[in-house]
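Positions 277 to 789 (the numbering used here) are the ones given, in order, by the sequence shown. Following: one structure in structure tokens, then a few remarks.
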Amino acid sequence: METSSPLPNTPRQDGMKAWLQVLNATLSAVENTVWQGRELADRALAALQQVNAGATQARDEYERIAAAAAQWPARVRRMKETGWMLTKITTAYRLWGIRSAFLSRRRAPQALERLHRRNARLFRDVSLRQGGAFLKVGQLLSARADLLPKPWVEELRVLQDQATALPFEDIRQVLESELQAPLDQLFDEFEPQPIAAASIGQVHRARLADGRAVAVKVQRPGLEAIIDLDMALLKIFLESISSLLPPTDLNTITAEIERSVREELDYRIEARAMAQVADFLADVPDVVVPRPVASHCSGKVLVSNFVVGTPLMQALDQRRDEGDQAGLADLLGRLLDLYLRQVLQAGVFQADPHPGNLLVTPDNKLVLLDFGCTMTLSDSFRDGYFQVLGAALLGEREAMARLLTQMGFQTRSGRPDTLLLFADALLAQIQRAASEMSQDQPHWPTQGEILTQAERLLSQAEADPVDKLPAEFIMLARVFSTLGGLFTHYQPKLDVHRYLLPHLVGPALSQAL
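Written out as structure tokens, the structure is:
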């Protein structure tokens, strides 16, 4: 593709070129995935050739292209808002590199935080309007405090419980098409008003002919037509701001997000995972996992037995407000045990433990819902993870670094120094926890303490970052960072070793025999 002659390297013109480079990347991807007309492609090329005319004219041309695209199918119209939003965010960050050079050291961090928050709100608002796969991506990113700046995590957190319900007639059409029968033959009773609406689907309460109360999860129509575009735009966005993110394996993270979102579109996968975890936890007291009703399940419909319960955070708040520290610690301890069982014993776990997917029944049992996001661990990774935990409890830092390397963690140089830094940080936390528990004074770090420690680690590791992660670790990190957020918030008097050791002793004895 021909381009105009280079401009003198002034800050303003460098900013214009950076803006157009981002626009070029976005338009190129959209051309590859969506644009099918020669006229639109020609006009996209014209937009890129506006480098000498300034960013304002290029923006106007982009908007004219988007207006033309509005006449194309839904996935192209979706590009108009989503693609333009990502371009604006990326441009703002590119221009920040120039602007920050003219700010004092005192003002620069404050200005960057305002920029983060403004961009995060723009991303959040467009995600809410677009819904579907892009809203799901926003929800996944909201749990990645290790990846995104704090203002992003705070602003995107509201997406966890935000989705617009579909009209009942749309739901009826999906149900009858998928299950090949009229609604009144499928259910004796069906409540038109959903009890929950999410990015991928919504849930209704119903009753089967045999009298069983069931939860009916129905997928939003048309998601397949837009997921490719949403994933392409996400990759462009993260790649274009990668220099502002902590050094990490961005390719593995985005691939794992895409895998998770695509699998959520097939409810048959979710039904199998739900049944598998329900079977494994069937003999665990005080834990309830719904079971799918096979006769009423398909790729876009999932029916399971209905479980009555109070949202987990509401139950935790009640115990905290009543001063019931023992009850608070018991609930959170059982939640930790529930996930240790799934990860270390079953090798398959529900990978989306945000509070909306956890209930507490009237008789104080924990309920685990929504298996759309599930991870199955390979035997080698599960064994490696078990050995890392064992080495951590024994204080063997070199063994931890060696095991992490064997599991697929790689630094840019291939040396273990950065992995040893992370091992030291984990060992320090374990030693601190052991000391506090011996004095019956457990202390969970505050969000500020966690952020300070993370910044220190990232600073130490900057020279040789961990830039390759095993795919299994991505969802595992998401789970335990979410659980860690609950523990940090409620500060329970809880001995983690009491719950962890029983899951380590059994496998250790098996290996020794």
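Glycine residues also receive a C-beta, built at the ideal position from the N, C-alpha and C atoms.
In summary, E540 is buried, with 16 or more beta-carbon neighbours lying within 10 Å of its beta-carbon over all protein chains present. The three-state secondary structure of H773, taken from DSSP, is helix. Q415 and R535 have their C-alpha atoms spaced approximately 15 Å apart. Straight-line spacing of the CA atoms in T440 and M676 works out to 46 Å. DSSP assignment within the segment 646–705 yields the following whole alpha helix (DSSP H) runs of 4 residues or more, N-terminal first: 655–670, 673–683. For G477, the enclosing beta strand (DSSP E) starts and ends at 477–483. Residue nearest to L645 within the set E465, P561, V492 is V492 (criterion: CA-CA distance). In the displayed model, T440 falls within coil according to three-state DSSP, outside both helix and strand. Taking a 10 Å sphere around the C-beta of V781, we find fewer than 16 other C-beta atoms and assign the residue as exposed. Shortest Cα-Cα distance from A739 to any of Q461, S689, L770 involves S689. In terms of Cβ geometry, Q461 and F444 do not form a close pair [threshold 9 Å]. Secondary structure at L379: coil, using DSSP grouped into helix, strand and coil.
DSSP lists Q686 as the bridge partner or partners of K744.
DSSP places F463 in the coil class of the three-state scheme, outside both helix and strand. In the three-state reduction of the DSSP assignment, Q406 falls in the helix class. D659 has its alpha-carbon roughly 44 Å from the corresponding atom of Q386. In this structure, L398 sits away from W372, with a CB-CB distance that is not shorter than 9 Å. Of A482, T363, L510, V624, the smallest CA-CA separation from S654 is found for V624. For Q449, the secondary structure class from DSSP, reduced to helix, strand or coil, is helix.
Following the DSSP letters along the chain, one finds S536 inside the alpha helix (DSSP H) bounded by residues 526–540. Annotated three-state conformation of N633 is helix, per DSSP. Counting along the chain, the unbroken beta strand (DSSP E) around A491 starts and ends at 489–495.
Residue A482 holds the alpha-carbon nearest to the alpha-carbon of E467 among I476, Q456, A482, E454.
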